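Participant: Following this message is one structure expressed as structure tokens.
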Amino acid sequence: MGQQGTTRREALKVASGTAMAVFAASTLGDGGVAVAVEPGKAAFLTDEELRQLRALVDVFIPADQDPGAVQGGCAEAIDALLGAFAVSPPRIYAGGPFSDRAGASRNDFAQFLTLDRYEERAWRLRIEGSGGRAELERNGPVPGWQRLYRDGLGALAAVGFADQTVTERELRLRQGLGPQVDALVEVAWPHTWQLMYGAPEYGGNKDLVGWKLAVWDGDVQPRGWSRAQIETGPLPGTTAVLENLPLPFEELLKLSAMGGSSELVHNLLVRADGNASPLRDAVQPVLQEARRDA
Amino acid sequence: MTREAVVIGSGAAGSVVAHELARRGWSVTVLERGRNLRAGFGKKPSNQLGTRYSSDELKSARQLGFPDGLLEPYTARTQEEAADGMARSAQGALGQLGAAVGGTTLHYNAKFPRFWKQDFTMRSDLGPVAGAQVADWPIGYDDLAPHYDAVERRIGVQGDLDATPARTREQAPRSRGYDMPPNPVSYVGQLLREAADGVGYDAYPQPAAVNSVPYAGRPACTSCGLCSGFGCPVNARGDALVSYLNPAVRSGKVRVLARALVYRVDTTRNGKRVTGVRYVDGKGRKKRLPATTVVLAGSPINTARLLLMSRSDTHPDGLGNRSGQVGRNMMFHNFTLAAALLPDDVHPNRSQSNPLQMDDLMGPFRGPEVTALGVPWVKGGLVQVAGGLPLFAEAGLYAGAVGWGRAHKELMRLGVLHRRIAGSQLVGEDLPQARNRVDLDPRVRDVHGFPAARITYSPHQHEKAAAVLLGARLEAMHARVRGALGAAIIPYPLISTALPMTAHLAGTARMGDDPRSSVCDASGALHEVEGVYVADASTFPTFPGFNPTNTIMANARRIAHAIAATPVRPAPKKDRA
């Protein structure tokens, strides 16, 4: 069975432990749309939309000698996010405190957290949009991710995006495919890397392909690290030759200084709120500083 | 007669105040805008509480336990933009502090240094700085010392007094050692300590409210590396909830109303005494709670916002704002970051975050080198040594650097930021400025229709001078890391005019002896309204370069004792606003 089916099975297991369809009322502004999760169906996207989305994430993190975002299940995970409220609890926050990857006997991450009224309101707004409701549009309408994806993927379908080679797709995307695709990329790119390198319970990072690529141990609680593991010197066989870098060495060196503050970077991610441009706006001045120094 | 108080905010300050008042027999209601995230809160002992947190970077980035940037936005602009008439240039999740029962301490870095003696008398000792409102504190180190002792004992602090530099011990004298030895020091910590030694600096174990051994019935830290921004899944971190609020609630003297957003403090018609607070509950219902004692502890931005939203005929510019100082002197710490890049995987995340501290860049610095930078003196701050950056943060930075595609994947495969760096951050002091302020946004509203807090901020020349002067020294130190391919710094105040990205906030309701230039007195009491106190970091007249939580808690404890010592007065009768 394909990745789509796996995602659906997981969602239904979380929701009720049965294979029944789960329905929840959506609050889209155009009169409301029932979001359904049915056997063999995606959570929100149509089959064609999902095909376009796979073609898009394939450009974001392409497969090479290591799996890319398609193999990581990122498209299906994004679909699950867009349809988060089709299941209960919605797939927003994985549970805690432990997965079963580092010594715990059960996987708490697999049971998503129940949202309270405030959180549900916030996440429905982010995903489904404000839909013309005055109390949610005090500062202007919020289109919602569902609308951004639907419009953007529609624009990709209109140019036959998914039928092109990955090189063609990359070139077309870099040239620009219009405002609807720009708006899509603004949220879809962050969603893709977040799901590729986040905990697998969110649906991406399938078979831990993201963590294996980056040599990342993932969540290590409750086992943690021993004194010997903490204090020991460089891990053997890990020496990198920093040549032919995708970023000039001086810029990579400057960027590495950001690693001095996890707090600062965490706040940067929070401020970005799942959008691409705030990260670009924050990081580019740092790289410009490196160019100036050079 | 049982005395009663309403405390607004359940974080570092509010929890301590509630606990201390309850210990003295008061009945306390804590109103918290966020939700409870610890299963068993108020029912089970702190060592048996469950948690919704985990080592889950996506959950952290999705801001569990934070105010939502769409429902409760903050806005921001620089001083220059304000002067040009721009209403705002940023909007969203800019408040940087959490909103949950226990506040930001649920996911703080838990570094627990004390301020120094010299920090309380900067105006007298160092003199004024043009464009800044440098002031002495109305209290000194000795006033806080017993409260530091008590807070540290209750919360549980690890450290190494013998390894602490002599000047630090002189400036922050202790009556006792630390309750726990330090966590193991990471390999990159060892490299950086060696590099510091090479330039004559002294890196030593940073005091931290983290159990290195079982303490207060809670287990020891396992050095997972995910501290700042993450709730501790093993309950090894001392925080406002486990150390103060949960025991206080279990005493039966304190109740906590979660998802209760206070939007107004009421006073008598003449504006001289408090009568209660108004809040919106979790179902959106507006409610009123009568009170004769109200303690504001919602953190600097929100405390200022609440005082400004509580304006009335008798307080037309905001409650207690005859001085015009409410909301002013908003301070953030300005970070200067540094790292050495290494070819090998030196696993910087295998450690409690920033296990070492360095005080050699604290200052004050004076002389021609400083005056050439346009300021009479410079104060720096402590350096948190040997930070680690988790994977998700690395992916985000690369996304900002190269965008999508093969380059991003190649950088992730190389893993420089989470595998091959030895990094540190200077926690730079931020001078108070009248033009760095919180006010009410003229247009942007929260989901309830209340005006958003607007933050106007630009670093002072002092912060830029500190970054130039001390950044170079930090870079020289990191260049000495054994095996390093190179070293670099990011002097943030020189690069970015945006709001500093830190959870260290202070100012907006400074305490002082003169009502013309301060908002509250040394006991946190508003100069102009009886029964209203400020207990959080809003009261700080200046913001020395230390992680502030220990001082926030110690100061809140001191203020709570002052509140408890006030004589009983009958509640006002019908003279309600």
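The listed protein sequences correspond, in order, to chains A and B.
If you count by the working numbering, then the first sequence holds residues 1 to 294, one letter each, in order.
If you count by the working numbering, then the second sequence holds residues 1001 to 1577, one letter each, in order.
Even glycine gets a Cβ: it sits at the ideal position worked out from N, Cα and C.
Source: prediction; values computed, not measured.
To the nearest whole angstrom, what separates the beta carbons of Ala1522 of chain B and Pro1138 of chain B, a pair I think is in contact under 8 Å?
Facilitator: By one-based count along the second sequence, residue 1522 of chain B stands at place 522. By one-based count along the second sequence, residue 1138 of chain B stands at place 138. Ala1522 of chain B to Pro1138 of chain B, Cβ: 4 Å. Contact.
Participant: How would you label Ser1299 of chain B, buried or exposed, when you count the other beta carbons within 10 angstroms and need 16 or more for buried?
Facilitator: The sequence position of residue 1299 of chain B within the second sequence is 299, counting from 1. Buried, since its Cβ has 16 or more Cβ neighbours within 10 Å.
Participant: Could you give the DSSP three-state label for Gln1586 of chain B: helix, strand or coil?
Facilitator: Because chain B is modelled from 1001 through 1577, residue 1586 of chain B falls outside the range shown and cannot be assessed.
Participant: Rounded to whole angstroms, what's the CA-CA distance from Val1346 of chain B to Leu279 of chain A? Just pull it up for me.
Facilitator: The sequence position of residue 1346 of chain B within the second sequence is 346, counting from 1. The sequence position of residue 279 of chain A within the first sequence is 279, counting from 1. Answer to the nearest angstrom: the Cα atoms are 26 Å apart.
Participant: What residues match up with Cys1520 of chain B in a beta bridge as DSSP calls it?
Facilitator: If you number the second sequence from 1, residue 1520 of chain B lands on position 520. BP columns for Cys1520 of chain B point to B:Met1511, B:Leu1526.
Participant: Three-state secondary structure (DSSP) at Gly144 of chain A?
Facilitator: In the first sequence, the residue the question calls residue 144 of chain A occupies position 144. Gly144 of chain A: coil per DSSP, three-state reduction.
Participant: Looking at the unbroken beta strand (DSSP E) that takes in Lys1287 of chain B, where does it start and where does it end?
Facilitator: In the second sequence, the residue the question calls residue 1287 of chain B occupies position 287. Per DSSP, Lys1287 of chain B belongs to the beta strand (DSSP E) from 1286-1290.
Participant: Quick check on Ser1323 of chain B: buried or exposed, where buried means 16 or more other Cβ atoms within 10 Å of its Cβ?
Facilitator: On the second sequence, residue 1323 of chain B is found 323 positions in, with the first residue counted as 1. Buried.
Participant: Tell me the DSSP bridge mates of Asn1334 of chain B?
Facilitator: Position 334 of the second sequence holds residue 1334 of chain B. In DSSP, Asn1334 of chain B forms a bridge with B:Gly1428.
Participant: Quick one: using the 10 Å Cβ neighbour count with 16 as the cut-off for buried, is Gln1048 of chain B buried or exposed?
Facilitator: For this step, residue 1048 of chain B is matched to residue 48 along the second sequence. Gln1048 of chain B comes out exposed.
Participant: Can you pull the chain B neighbours of Thr238 of chain A, defined as C-beta to C-beta under 8 Å?
Facilitator: Working through the first sequence from its first residue, we reach residue 238 of chain A at position 238. Residues of chain B passing the Cβ test: Asp1344, Asp1345, Arg1419.
Participant: With a threshold of 6 Å on Cβ separation, who are the neighbours of Gly29 of chain A within its own chain once the five nearest residues in sequence on each side are excluded?
Facilitator: Position 29 of the first sequence, counted from the start, is the residue given in the question as residue 29 of chain A. Legend: pLDDT at Gly29 of chain A = 29, less than 50; position of this residue unreliable, value from coordinates given subsequently. Only Gly131, Gly132 meet the Cβ criterion.
Participant: Give me the Cα-Cα distance between Gly1327 of chain B and Thr1539 of chain B, rounded to the nearest whole angstrom.
Facilitator: One-based indexing of the second sequence puts residue 1327 of chain B at position 327. One-based indexing of the second sequence puts residue 1539 of chain B at position 539. Approximately 11 Å between the Cα atoms of the pair.
Participant: Does Gly1198 of chain B come out as helix, strand or coil in the three-state DSSP assignment?
Facilitator: Your numbering for residue 1198 of chain B matches position 198 in the second sequence. Reduced to three states, the DSSP call for Gly1198 of chain B is helix.
Participant: Which stretch, first to last residue, makes up the alpha helix (DSSP H) that contains Gln1384 of chain B?
Facilitator: Numbered from its first residue, the second sequence carries residue 1384 of chain B at position 384. Unbroken run through Gln1384 of chain B is the beta strand (DSSP E), 1383-1387; no alpha helix (DSSP H).
Participant: Please determine if the segment 1204-1212 of chain B and the segment 1154-1164 of chain B are in contact, where contact requires at least 3 C-beta pairs separated by less than 8 Å.
Facilitator: Yes, the segment 1204-1212 of chain B touches the segment 1154-1164 of chain B.
Participant: If you measure from the beta carbon of Asp1056 of chain B to each beta carbon in chain A, is any gap under 8 Å?
Facilitator: Mapped onto the second sequence, residue 1056 of chain B falls at position 56. At least one chain A Cβ lies under 8 Å of Asp1056 of chain B.
Participant: Which residue marks the beginning of the alpha helix (DSSP H) containing Ile1301 of chain B, and which one marks its end?
Facilitator: Here residue 1301 of chain B is taken as the residue at index 301 of the second sequence, counted from 1. Residues 1300-1309.
Participant: Is there a Cβ of chain B sitting closer than 8 Å to that of Ala214 of chain A, yes or no?
Facilitator: Position 214 of the first sequence, counted from the first residue, corresponds to residue 214 of chain A. Yes, its Cβ sits closer than 8 Å to a Cβ of chain B.
Participant: Between the C-alpha atoms of Gly152 of chain A and Gly198 of chain A, what's the straight-line distance to the nearest angstrom?
Facilitator: Along the first sequence, read from residue 1 onward, the residue named residue 152 of chain A stands at position 152. Along the first sequence, read from residue 1 onward, the residue named residue 198 of chain A stands at position 198. In a straight line, the C-alpha of Gly152 of chain A is about 24 Å away from that of Gly198 of chain A.
Participant: Kindly indicate which residue of B:Leu1226, B:Arg1311, B:Ala1260, B:Cys1221 has the alpha-carbon position closest to the one of Arg227 of chain A.
Facilitator: Residue numbering aside, residue 227 of chain A sits at position 227 when the first sequence is read from its first letter. Measuring from the Cα of Arg227 of chain A, the nearest candidate turns out to be B:Cys1221.
Participant: Going by CA-CA distance only, name the one from B:Ala1488, B:Leu1192, B:Asn1246, B:Pro1567 that's closest to Pro1045 of chain B.
Facilitator: Indexing the second sequence from 1 puts residue 1045 of chain B at position 45. It is B:Asn1246 whose Cα lies nearest to the Cα of Pro1045 of chain B.
Participant: For Thr232 of chain A, which residues in chain B fall below 7 Å Cβ to Cβ?
Facilitator: What you label residue 232 of chain A is simply residue 232 of the first sequence in a count that begins at 1. Simply Tyr1187.
Participant: Could you compute how far the alpha carbon of Leu125 of chain A sits from the alpha carbon of Phe1041 of chain B?
Facilitator: Reading the first sequence from its first residue, position 125 is the one you call residue 125 of chain A. Reading the second sequence from its first residue, position 41 is the one you call residue 1041 of chain B. Distance between the alpha carbons of Leu125 of chain A and Phe1041 of chain B is about 29 Å.
Participant: Let me know if Gln146 of chain A comes out buried or exposed under the rule of 16 or more other beta-carbons within 10 Å of its beta-carbon.
Facilitator: For the purposes of this step, residue 146 of chain A is taken as residue 146 along the first sequence, with counting starting at 1. Its Cβ being crowded by 16 or more others within 10 Å, Gln146 of chain A is buried.
Participant: Which term fits Leu1257 of chain B, buried or exposed, when burial requires 16 or more other beta carbons within 10 angstroms of its beta carbon?
Facilitator: To locate residue 1257 of chain B, count along the second sequence from 1; it is residue 257. Buried is the call here.
Participant: Determine, for Leu81 of chain A, whether the minimum Cβ-Cβ distance to residues of chain B falls below 8 Å.
Facilitator: Walking along the first sequence from the start, residue 81 of chain A turns up at place 81. No, because no Cβ of chain B sits closer than 8 Å to the Cβ of Leu81 of chain A.
Participant: Can the beta-carbon of Leu1308 of chain B be found less than 8 Å from the beta-carbon of Val1265 of chain B?
Facilitator: Taking the second sequence and counting its residues from 1, one reaches residue 1308 of chain B at position 308. Taking the second sequence and counting its residues from 1, one reaches residue 1265 of chain B at position 265. No, these two residues do not count as a Cβ contact at 8 Å.
Participant: Can you tell me where the beta strand (DSSP E) with Met1358 of chain B in it begins and where it stops?
Facilitator: The count along the second sequence starts at 1 and reaches residue 1358 of chain B at position 358. Run containing Met1358 of chain B: 1356-1358, per the beta strand (DSSP E) assignment.
Participant: From what residue to what residue does the beta strand (DSSP E) around Gly1276 of chain B run?
Facilitator: Position 276 of the second sequence, counted from the start, is the residue given in the question as residue 1276 of chain B. Gly1276 of chain B -> beta strand (DSSP E) spans 1274-1280.
Participant: Find the residues of chain B that neighbour Ser261 of chain A, judging by a C-beta separation of less than 7 Å, and give them in chain order.
Facilitator: Your numbering for residue 261 of chain A matches position 261 in the first sequence. Those within 7 Å of Ser261 of chain A in chain B are Phe1335, Leu1337, Gly1387, Gln1425.
Participant: So which of A:Tyr118, A:Ser99, A:Gly103 has the shortest CA-CA distance to Phe112 of chain A?
Facilitator: Taking the first sequence and counting its residues from 1, the one referred to as residue 112 of chain A is at position 112. Comparing Cα-Cα distances from Phe112 of chain A to each of A:Tyr118, A:Ser99, A:Gly103, the minimum goes to A:Ser99.
Participant: Decide if Glu324 of chain A is buried, meaning its Cβ has at least 16 other Cβ atoms within 10 Å, or exposed.
Facilitator: Missing from the structure shown is residue 324 of chain A; chain A here goes from 1 to 294 and no further.
Participant: Hey, could you find the ends of the alpha helix (DSSP H) Ile230 of chain A is sitting in?
Facilitator: Taking the first residue of the first sequence as 1, we reach residue 230 of chain A at position 230. Its alpha helix (DSSP H) spans residues 227-231.
Participant: Who are the Cβ neighbours of Trp189 of chain A in its own chain at under 7 Å, not counting the five residues just before and after it?
Facilitator: Here residue 189 of chain A refers to the residue found at position 189 of the first sequence. Cβ within range, chain order: Phe60, Ala276.
Participant: Please check the pair Ser1212 of chain B and Trp225 of chain A, which I expect to be a contact at CB under 8 Å, by giving their CB distance rounded to whole angstroms.
Facilitator: Counting from 1 along the second sequence, the entry for residue 1212 of chain B is found at position 212. Counting from 1 along the first sequence, the entry for residue 225 of chain A is found at position 225. At roughly 13 Å, the Cβ-Cβ gap does not stay under 8 Å, so Ser1212 of chain B and Trp225 of chain A are not in contact.
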